[in-house]
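So the sequence lines, in the order shown, correspond to chains B and V.
This note's numbering numbers the first residue of the first sequence as 1 and each following residue consecutively.
This note's numbering numbers the first residue of the second sequence as 703 and each following residue consecutively.
Structure record follows, encoded as structure tokens.
Protein chains: 2
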Amino acid sequence: MLLALSLALADEGMWLPEQVPALGDDLRRQGLGLDAATLADPAGATLGAVVSLGHCTASFVSADGLILTNGHCVSDYLESASTANHDYRLEGYLATDRRKELPAGPAARAWVTERIDDVTARVLGKLPTALDDRNRVEAIQKNVSAIVAACEKQPSRPRCQVVPIYEGREWRLVTRRELRDLRVVYAPPETVYAFGGDVDNWQWPRHCGDFAMLRAWSAPDGSSAAFADENVPYTPPHHLRLAPGGARPGEFVMIAGFPAATYRWRTADEARHAAEVRYPSGRDLFSALGAVAERAAAASKESAIRLGPSLFRYANARKNFAGMIDNFGRSDIVSAKEVQQAELQAWIAADPRRAPYGAALAELRKVVADDLAYWRRDRVYSALVQTPLLLNTAVTAYRLAFEQQFPDASRDPGFQARDRSDIADRFRSYDRILDLPSDRALMKELLQQSQALPEGQRIPPLDAWLAKSGSIQNVVDELYAATALATVDARLRLLDQKQPDFERAADPWIRLAVALDGWHRGVRAEKRVRDGALARLRPAYMEAMLKMHPGAVYPEANGTLRLSFGKVEGYAPEDAAVYLPQTTLGGMARKVRESPFDAPLRVLEEVPAAPRSRWSDPTLGDVPVNFLTTVDNTNGNSGSPTLNAHGDIVGLVFDRNWEAVAADWRYDPALTRSIHVDVRYLLWMLDEVERAQVLLAELGVR
Amino acid sequence: MLLALSLALADEGMWLPEQVPALGDDLRRQGLGLDAATLADPAGATLGAVVSLGHCTASFVSADGLILTNGHCVSDYLESASTANHDYRLEGYLATDRRKELPAGPAARAWVTERIDDVTARVLGKLPTALDDRNRVEAIQKNVSAIVAACEKQPSRPRCQVVPIYEGREWRLVTRRELRDLRVVYAPPETVYAFGGDVDNWQWPRHCGDFAMLRAWSAPDGSSAAFADENVPYTPPHHLRLAPGGARPGEFVMIAGFPAATYRWRTADEARHAAEVRYPSGRDLFSALGAVAERAAAASKESAIRLGPSLFRYANARKNFAGMIDNFGRSDIVSAKEVQQAELQAWIAADPRRAPYGAALAELRKVVADDLAYWRRDRVYSALVQTPLLLNTAVTAYRLAFEQQFPDASRDPGFQARDRSDIADRFRSYDRILDLPSDRALMKELLQQSQALPEGQRIPPLDAWLAKSGSIQNVVDELYAATALATVDARLRLLDQKQPDFERAADPWIRLAVALDGWHRGVRAEKRVRDGALARLRPAYMEAMLKMHPGAVYPEANGTLRLSFGKVEGYAPEDAAVYLPQTTLGGMARKVRESPFDAPLRVLEEVPAAPRSRWSDPTLGDVPVNFLTTVDNTNGNSGSPTLNAHGDIVGLVFDRNWEAVAADWRYDPALTRSIHVDVRYLLWMLDEVERAQVLLAELGVR
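Written as structure tokens, this is what we have:
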């Protein structure tokens, strides 16, 4: 763990662009062929082409706004575009001309990072030191909101976010252009992009054609606009080139993307809680929800289509949690964290001037314990207000109305004036994924979960509602008799209602939302006090760690643009076993059997000729499919371009290996690997299977 | 498949000693450092030291009769020697001096091959050509019995066997010295010799210390004798040296041993039957018996000890059948056999003079179909008369008495005068393994299985017995109320009774045995007719195969002495995965967790120092545990010495890999591997863990 602090360990780390120049000498030695300074500019030739899709990363690959990302990142869009006659997730899609590109749906977004500025002084600089924890976190939130509001008032109408780094020791303002008209240009069938399904997910060797292409469209004047007939392909400031030669074992590579969250600076107590509570209970919860969704999908084709992306998410989460549990045991992460913490305490004890750190650490442990005491309740509550879409609609709309009584900058993040149109688009998108039978079954399952919560971690308004109705079955019958919110118009109308409208509404969903959120407001207030304490204590803990081990370090992932560096390399999963870093089309074909290993016939028919195609690797004697690297990645990095020494695309990140599921907590140089799809698989598919010569030409490949 | 016929494919093949000189040039090129002619002599310096234990192979490793074999080959002996205070399978055993060596039990045998003679002319030469199938097989059996009887009349009192090779085209007489006083000198605990248990069984990477040592004792005059206090250590004609340097990857190695049976010359119909009936129904039957035995073992420690070796056999069989089913699919063995048979038919059709082969093939297919038609019934019957030991005792004794009405040479093999003392010893050995609660539960399970047999494959005496008793429960209650046969004296007395004694006995076991065997006698008579036809047709089929593909070939394994050649080599189990050919003590220690991965503490304590011990491999930097080779092996080869180019022992065979479970049907050069324990693991255990310096000295290691 402690070695993680050293700058010299180059393959670990999700680096801020601003940190790259300091790594320059090391990166040059590893093989970087670009000036490291060019990678410091988030709007430069390389990083300026990398965009966030929110849940994934993508990159521009043509001057006409073509975007390359993973197939699994566009499954929601494919589902949203599907019709009674076409399930585009199962069939895949290729637009034969630009006017036939499929709208990705109203909630789809792409964000281009334009600037990243240090706003630490503006967030923390003006805070009186004597603030109590509650006022401290509110003061920080107010400063953040003011900075965001000022940023978004600029004439270009950017979307802005202020994010903490180093546990809140520093803050950054990220200014982003938002693109709102995305269309699916090409996606292979799910049997290609998710070949091996849940069985192969998080595993190596792997054989997924996990790629897809979108196009961003803008208003005719080039400004961002929602889908409209008069829109034109967007002209991005930069786009990346594909490297049709791919990458060889040992070759230097890097990825740029938007990793969501890591836990590498959490305390030993948090690691133990993760091992003992968070992942086991998360696995159980998602197994239960997944089983409900699978039953619903098996019962109806309509439900199956609407639930498709959710089924993938449940299965992925369940397998991820199982992997976390495995890896925590295998790599003894809790003990490593305890050793780290004991070393810190010894370092503090060695010098009386370090006593304030000791006090901060002791208080941090206490606040963390308080924060985790209600984990199970908070987990079930959060699943309850997110999973059944009718309840999510009611709770979201009510919170938006409730917060309107406060000045915009003091409202909870996510419920400010700037968030209204995103919420409206999300409500519109529910039209494609809302499935009443499974919504009802998921609601019932979560009510049952709520009744299994231990004493002291109850959700009182649910208990009261149940006591009144007599049984979970009655609650569900009563709620799903009221389906007003099942129409998009009703959901959008809700966004215009005021707080008192909600509080006197008769719709049982609204009544339940008002009851739940009224209670949860108190939970949030208590949490805000702890957040204030954490905003004071985590930076102190981080400062002690940094002083104990001086040197440049990367901050936790936080959804902003990062770079990771490494090389193409396999690993040894156990004694006498070696995994090579590349798989092939021939290897994929040999794995074909029943679902989820059922590749499309039109792909399999071309596999025998693949070794003689121009996309074949001369060393492998076949078209490469997937490859392993030592680069560091996590959720949110899916779709990140894998770049060679010259900044050209050799592949896309799409997963990690089984032994690295818990790499969010600890990067193990021997075992932590990223899994990428080779760009030559994409090119072979477009060339030999899809015969998509127009697209190849747009990609600059002839 | 067809390539298997070529002599040049040196790693496939279980060669007769007499064939080795013809392989000499090829073996020299591969690295053999001995004169190939010396390996042609079964009583020579190398092969003369290799002995059969019946179920396993072993070899003499000292002038005082010390024998080296696998730990799993001595588990029955350990079980037989265990007491209320000591479970030697779990504890292991080391005799601190020769008088403390543990008797292996009355049924334990070691056979030293003294001569192998071609007796084809004596078996087949005098047969009138016009014999019908029934008379043909009886004439062959009579000739065989006469040859055996003459052989065993020699002054040295050898044990002799006459065996067919090339499907009965040729016959060999094997003359063997039988040793009847075996004692356990050293065995590690089961957690060492079967580390990883059923989970790792048939798998690579592997970490088993699968070794043990016995000593053969003889009468003071050197002649073979049963256990007696005055016995002395036996002086073998030859013994092998250990090669303390072990074997390196790529190095030439060979094994000598007693492979029991292979199916490489079976027809496509037999392969299809194996894939569709034999292995699936075998897996189901052994799963059911295994589950019954496991429940009994869980219920009582006494039962667990008595059932120990059976539990291993059930689990092994179940996993073997599952592997067969996997491999038949993975390697498409049925299709390969069908291609082979189609090629043979095309070859026959190409020349009218080959028409007799065509007729033989057609008739062979018909007889095989008849033979397999009652497979399920025959499988259940055979399990029924072998598994519950009380029924086995009754049926065996009755058949021995029944056959006495015929001249000795005409009696069924296994029930001639020469077999009586072996049967008596087996009845004595039941004293250690008979466990009435599980015997009863297994009987009940097999009765249930018999009732699930399809119409047309019933066992009529069982059906009648059940109809009379009313229920399976009643049958079992009635039978196990009579426990006379549970005592060794009663079992041995049974061997002195005559046929009429059985037929008027009141004991329900004897009555059931008489009813069952009376019916089965007819089944055997029908089978004998088919066997006569097969004795005519299989050699013709083999002859056609050999004419189509001229060249030296090895015959099917038949339990006699064979040699296999190959090299230390890993394999690629799937795309992008490579298995290296050696595992280490460090790798074993990293796998330690709950049972069956619970190595003894006294072993684990020494592991950290192993890299600095004299048994450490300089390239691996650790003591090697197991290694892979390309040599060909099957059941019966367990314990075979793995010899280097100079004929010194570098390891012992103990298993095959998962992808090679069905290698009995087809040797695949890319995937078929033998798994061996490295002699350095044995030496390290004796030296660093057991501190057994006296044994090391006897092994010639200082």
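Don't be surprised by glycine CBs; every beta carbon is placed ideally from N, CA and C.
Since the structure is predicted, the reported quantities are computational estimates derived from the model, not experimental observations.
Of all Cβ atoms in chain V, is any one closer than 8 Å to the Cβ of residue i?
i	result
Tyr374 of chain B	no
Gly587 of chain B	yes
Glu167 of chain B	no
Gln582 of chain B	yes
Pro205 of chain B	yes
Determine, for residue i, whether the minimum Cβ-Cβ distance to residues of chain B falls below 8 Å.
i	result
Glu1307 of chain V	no
Thr1374 of chain V	no
Arg950 of chain V	no
Report all residues from its chain with a CB closer than 7 Å to the CB of residue i; omit the five preceding and five following residues, and keep chain order.
i	result
Leu1324 of chain V	The displayed chain sequence assigns Asp, not Leu, to residue 1324 of chain V. Closer than 7 Å at Cβ, skipping near neighbours: Thr1286, Leu1287, Gly1288, Ala1312, Pro1313 and Ser1318.
Ser469 of chain B	Val475 and Glu478
Asp1072 of chain V	Arg1232
Ala4 of chain B	For Ala4 of chain B, the pLDDT reaches just 38, beneath the cut-off of 50, and the residue's location in the model is therefore unreliable, although a value from the coordinates is still provided. Within the same chain, Ala4 of chain B has close Cβ partners Glu12, Arg264 and Tyr667.
Glu803 of chain V	Ala797, Arg885, Val886, Val887 and Arg917
Trp1211 of chain V	Leu1092, Leu1093, Ala1096, Leu1181, Ala1184 and Leu1187
Met542 of chain B	Tyr166, Glu167, Arg169 and Trp265
Ala999 of chain V	Ser1005, Ala1006, Leu1009 and Leu1013
Ala243 of chain B	Asn644, Asp648, Ile649, Val650 and Val679
How would you label residue i, buried or exposed, when you count the other beta carbons within 10 angstroms and need 16 or more for buried?
i	result
His1348 of chain V	exposed
Phe679 of chain V	In the structure as shown, chain V starts at 703 and stops at 1404, and residue 679 of chain V therefore has no counterpart that could be examined.
Ser471 of chain B	exposed
Ser145 of chain B	buried
Glu872 of chain V	buried
Lys709 of chain B	Only positions 1 to 702 of chain B appear in the structure, and residue 709 of chain B is not among them; the question remains open.
Asp1165 of chain V	exposed
Thr1321 of chain V	exposed
Glu190 of chain B	buried
Lys1021 of chain V	buried
Leu2 of chain B	Reliability fails at Leu2 of chain B, whose pLDDT of 35 lies under 50, so the model's placement of it is uncertain and the value that follows must be treated cautiously. Exposed, because fewer than 16 other Cβ atoms sit within 10 Å of the Cβ of Leu2 of chain B.
Thr83 of chain B	exposed
Lys1200 of chain V	exposed
Leu9 of chain B	Any reading at Leu9 of chain B is ruled out, since the residue's pLDDT is 49, under 50, leaving its predicted position unreliable.
Val694 of chain B	exposed
Can you list, in chain order, the residues of its chain with a C-beta nearer than 6 Å to that of residue i? Leave out the 5 residues immediately preceding and following it.
i	result
Ala317 of chain B	Phe286
Ser761 of chain V	Ala751, Val752, Leu770, Leu942 and Pro1343
Leu537 of chain B	Ala360, Glu363 and Leu364
Leaving out five residues before and five after residue i in sequence, what residues of the same chain have Cβ atoms less than 8 Å from its Cβ?
i	result
Leu1345 of chain V	Thr748, Leu942, Val955, Met956, Ile957, Ala958, Ile1351 and Val1352
Pro596 of chain B	Thr191, Ala194, Phe195, Gly196, Gly197, Asp198, Val199 and Asp200
Can you tell me whether DSSP reads residue i as helix, strand or coil?
i	result
Met956 of chain V	strand
Glu396 of chain B	The sequence shown places Thr at residue 396 of chain B, not Glu. Looking at Thr396 of chain B - three-state DSSP - the assignment turns out to be helix.
Phe1129 of chain V	helix
Gln1106 of chain V	coil
Ser59 of chain B	strand
State the CB to CB distance for the pair residue i and residue j, rounded to an integer number of angstroms; the pair is presumed to be in contact (CB under 8 Å).
i	j	result
Leu1187 of chain V	Thr1089 of chain V	Leu1187 of chain V to Thr1089 of chain V, Cβ: 15 Å. No contact.
Pro103 of chain B	Asn558 of chain B	Going by Cβ atoms, the distance from Pro103 of chain B to Asn558 of chain B rounds to 31 Å, so no, they are not a contact pair.
Phe960 of chain V	Thr740 of chain V	With 8 Å as the limit, Phe960 of chain V and Thr740 of chain V do not qualify as a contact, their Cβ atoms being about 19 Å apart.
Ser564 of chain B	Val661 of chain B	Not a contact, Cβ separation roughly 17 Å.
His72 of chain B	Phe502 of chain B	37 Å between Cβ atoms; not a contact.
Val821 of chain V	Leu875 of chain V	4 Å
Val514 of chain B	Leu446 of chain B	Not a contact, Cβ separation roughly 18 Å.
His975 of chain V	Leu1074 of chain V	5 Å
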